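Undergrad: One structure coming up, written as structure tokens, with questions to follow.
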Amino acid sequence: MHNIIAIFKKQLKDTLKNKTVLIQFVMFPVLTLVMNNTIKIDGMPENFFVNLFATMYIGMAPLTSIAAIVAEEKEQNTLRVLLMSNVKPREYLLGVGSYIWLACMLGALVICAAGSYTIHESIIFMIIMATGILVSLLIGLAIGAWSKTQMMATSISIPVMMIFSFLPMLSMFHTGIAKIAKFTYSEQVSMMLNQVSSLQLEVNNVVILIANIFLFTVLFSFAYKKCGLD
Amino acid sequence: MKNAVTARDISHSFGTNRVLNHITFVIPSGEIFGLLGPSGAGKTTLIKLLTGQLKQDSGYAELLGKDTKELSASDHGQIGIMMDSLGLYDRLSVYNNLAFYADIYRVSHNKIADILKGIGLYEARNTAVSKLSKGMKNRLSLARALMNDAGILFLDEPTSGLDPVTTREIHSILREQREKGKTIFLTTHNMFEAESLCDHIALLSEGSIVEYGTPADICRKYNHLNMLRVTLKGGEIISLENSSASALQMKEYLERNAVETIHSTEPTLETVFIELTGKGLD
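This is how it looks when you write it as structure tokens:
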């Protein structure tokens, strides 16, 4: 636990000076606040921008930031030095992962506050966000473990992020895409966020989410075993 | 004296490329041991094997009494490492880099100021690492290796590419560490560093140790000429056999107060290395 807290603190100091990662955490919460308060169109569903940007936030921020952080540490050799200093790989992953999860949850809280939710709905909103962020973290970790350099991580994470972030939006306009998108965690999360006030989970929603978590855990394990953390 | 490091018949390959070939040596505790060889000789690979970052294909290595293949994270907490790629957090300040490792090693933050003063970086403590010179980064990396007060330090090319003043400062720090009883394993391709710092050295070429011993013993061993080179005050240089047969002639020069300098003809480590491998150290 001691090392996890130390890594968490280090990551906090580092992020404050790392604009590329910092902007990932801040961009969508700010966009949500601005769009939600400035654009009002007749017939627009309630919390439209909140749900739209919340899904995009889940698909982008945790995935790209953790992939970039892990790949940068590998590229700069800071991770190798750290693992030679009484730190176990799982402590590092937990330290960085918990930091990004919490930072994203703060962003999620801002997005939630922008919506017109009751306390009960807000709790459900945050639970859905927490689950989505966790799945994205697994994908980002797999990319980070697989990539030798930050450039490589970026070139992999951008298309992956685009797919998971934009599928829910595209599926609104195309039924064919919707049929495929429903098997992704981001579409499931988007559907749940749209029903926060009357959420009724069906078995297939839970099964798809668990299958996504399982799949990305396997992917991460494969990347970790194949490439390690150095 | 107990050995801090034991390497017995270690061999290692990357694919079909044999990088280490039957390496055997010991490092007694409290010594500075230098592994001398050109770039690509296998120095960094050997450090990685001895610190458990790699597992050798064959042979046995022991660090602080433990098989290096079984070193755990807590064992790594007992050693200090300065790698060739320094592994510093560029965006963090000098102080915050060390503060992070102080937290990892459970060392009081009060120690950071002492270490920074000792290594000459106290004034730069609030500077971001990205703004430091190469020499300052090397010193910071060394400071980090000293944070946990480890019994053994592995330093991969600690003075590579540094100016003579910074190099001397780092040498001075390493001597201080030896006086405190620390064992130091350093790799270098700088023969002067090896001669002036190390208690024992091994010359590594193409993955094999071609010579091992104290720098002075190695130079004496390859002193094939065994001559004395006497420079007289008039500028004349005379070579005399380094034996009793030259004593009378030498006495005569000394009585005439004609001697400017006397040098033995023993070779430098680089000359020995070239003799053994046919190649230079750079």
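Those sequence lines, one after another, are chains Y and B.
Whatever position you read off the first sequence (first residue = 1), add 712 for the numbering used here.
Whatever position you read off the second sequence (first residue = 1), add 359 for the numbering used here.
The C-beta atom is built at its ideal place from N, Cα and C for all residues, glycine as well.
Quantities reported herein were computed from a predicted structural model and do not represent experimental measurements.
Considering Tyr419 (chain B), what are the terminal residues of the beta strand (DSSP E) in which it resides?
TA: Element bounds for Tyr419 (chain B): Ser417 to Leu422.
Undergrad: Could you check if Gly940 (chain Y) is buried or exposed, using at least 16 other CB atoms within 10 Å of its CB as the buried criterion?
TA: It is exposed - the Cβ of Gly940 (chain Y) has fewer than 16 other Cβ atoms within 10 Å.
Undergrad: Mind listing the chain B neighbours of Lys726 (chain Y)? Cutoff is C-beta to C-beta under 7 Å, in chain order.
TA: The sequence as given places Asp at residue 726 (chain Y); Lys does not occur at that position. Result: Tyr448, Arg450 and Leu451.
Undergrad: Which full runs of the beta strand (DSSP E) of 3+ residues lie inside the segment 904-942 of chain Y, going along the chain?
TA: Entirely contained in the segment 904-942 of chain Y, not one beta strand (DSSP E) run reaches 3 residues.
Undergrad: Measure from the C-beta of Met873 (chain Y) to each C-beta in chain B and report whether the shortest distance is under 8 Å.
TA: Output row for Met873 (chain Y): interface = no.
Undergrad: Do the segment 597-604 of chain B and the segment 430-445 of chain B make contact, defined as three or more Cβ pairs closer than 8 Å?
TA: Cβ pair count under 8 Å is below three, so no.
Undergrad: For Ile511 (chain B), decide whether its Cβ has a neighbour in chain Y, counting only Cβ atoms nearer than 8 Å.
TA: So no, Ile511 (chain B) is outside the interface.
Undergrad: Can you give me the Cβ contacts of Leu408 (chain B) inside the same chain, cut-off strictly under 7 Å, excluding the 5 residues immediately before and after it?
TA: Answer for Leu408 (chain B): Ile369, His371, Gln415, Ala420 and Thr427, listed in chain order.
Undergrad: For the segment 606-635 of chain B, which residues have a beta carbon sitting closer than 9 Å to at least one beta carbon of chain Y?
TA: Within the segment 606-635 of chain B, no residue has a Cβ that lies closer than 9 Å to any Cβ of chain Y.
Undergrad: Compile a chain-ordered list of the residues in the segment 410-429 of chain B whose CB is closer than 9 Å to at least one CB of chain Y.
TA: Those would be Thr410, Gly411 and Gln412, in chain order.
Undergrad: Does any residue of chain B bring its CB to less than 8 Å from the CB of Ala780 (chain Y)?
TA: Taking Cβ atoms only, chain B never reaches closer than 8 Å to Ala780 (chain Y), which makes this a no.
Undergrad: Measuring alpha carbon to alpha carbon, tell me which residue in B:Ser388, B:Ala363 and B:Cys578 is nearest Glu538 (chain B).
TA: Measuring from the Cα of Glu538 (chain B), the nearest candidate turns out to be B:Ser388.
Undergrad: Could you say which of Y:Leu794, Y:Ala780, Y:Ala783 and Y:Gln788 lies nearest to Ser433 (chain B) if we only look at CA atoms?
TA: Measuring from the Cα of Ser433 (chain B), the nearest candidate turns out to be Y:Leu794.
Undergrad: Can you check whether the CB of Ala766 (chain Y) is closer than 8 Å to the CB of Met841 (chain Y)?
TA: Yes, they are a contact pair.
Undergrad: Closest Cβ-Cβ distance between Ala483 (chain B) and chain A: below 8 Å?
TA: You won't find chain A in this structure, because its protein chains are Y and B.
Undergrad: Since Thr403 (chain B) is in the alpha helix (DSSP H), which residue starts that stretch and which ends it?
TA: Lys402 to Leu409 is the span of the alpha helix (DSSP H), which, as asked, contains Thr403 (chain B).
Undergrad: Just the Cα atoms here: how many angstroms apart are Phe459 (chain B) and Val453 (chain B)?
TA: Their backbone Cα atoms lie some 10 Å apart in a straight line.
Undergrad: Tell me the rounded alpha-carbon separation between Asp473 (chain B) and Pro397 (chain B).
TA: Straight-line Cα distance between these residues: approximately 35 Å.
Undergrad: Whose Cβ in chain B lies nearer than 7 Å to the Cβ of Asn798 (chain Y)?
TA: Within chain B, the residues near Asn798 (chain Y) are Ala432, Ser433, His435, Gly436, Ile463 and Tyr464.
Undergrad: Which residues in the same chain as Glu899 (chain Y) place their Cβ atom closer than 7 Å to its Cβ, once the five residues preceding and following it in sequence are excluded?
TA: Result list for Glu899 (chain Y): Leu879, Pro880, Ser883 and Ala893, in chain order.
Undergrad: What are the residues of the segment 728-750 of chain Y that lie near chain B, defined by any Cβ-Cβ distance shorter than 8 Å?
TA: For the segment 728-750 of chain Y, which is checked against every Cβ of chain B, the residues closer than 8 Å are Lys729 and Asn730.
Undergrad: Roughly how many angstroms separate the alpha carbons of Thr727 (chain Y) and Arg527 (chain B), rounded to a whole number?
TA: Answer to the nearest angstrom: the Cα atoms are 36 Å apart.
Undergrad: Count the other C-beta atoms from every protein chain shown that fall within 10 angstroms of the C-beta of His548 (chain B), then say buried if there are 16 or more, exposed otherwise.
TA: It counts as buried.
Undergrad: Give every residue of the same chain whose Cβ lies closer than 7 Å to the Cβ of Glu619 (chain B), excluding the five residues on either side of it in the sequence, and list them in chain order.
TA: Around Glu619 (chain B): Thr590, Leu591 and Lys592.
Undergrad: Under the assumption that Ala483 (chain B) contacts Leu491 (chain B) (Cβ atoms under 8 Å), give the Cβ distance between them as a whole number of angstroms.
TA: Yes, they are in contact, since the Cβ atoms of Ala483 (chain B) and Leu491 (chain B) sit about 7 Å apart, within 8 Å.
Undergrad: So with CB distances below 8 Å, who are the chain Y contacts of Asn455 (chain B)?
TA: By Cβ distance, chain Y contributes Lys722 and Lys725.
Undergrad: Do you know whose CA, among Y:Thr861, Y:Tyr897, Y:Arg802 and Y:Ala815, lies nearest Gly844 (chain Y)'s CA?
TA: Nearest C-alpha to Gly844 (chain Y): Y:Tyr897.
Undergrad: Answer yes or no: do Ala854 (chain Y) and Phe928 (chain Y) have a C-beta to C-beta separation smaller than 8 Å?
TA: In contact: Ala854 (chain Y) and Phe928 (chain Y) (Cβ atoms closer than 8 Å).
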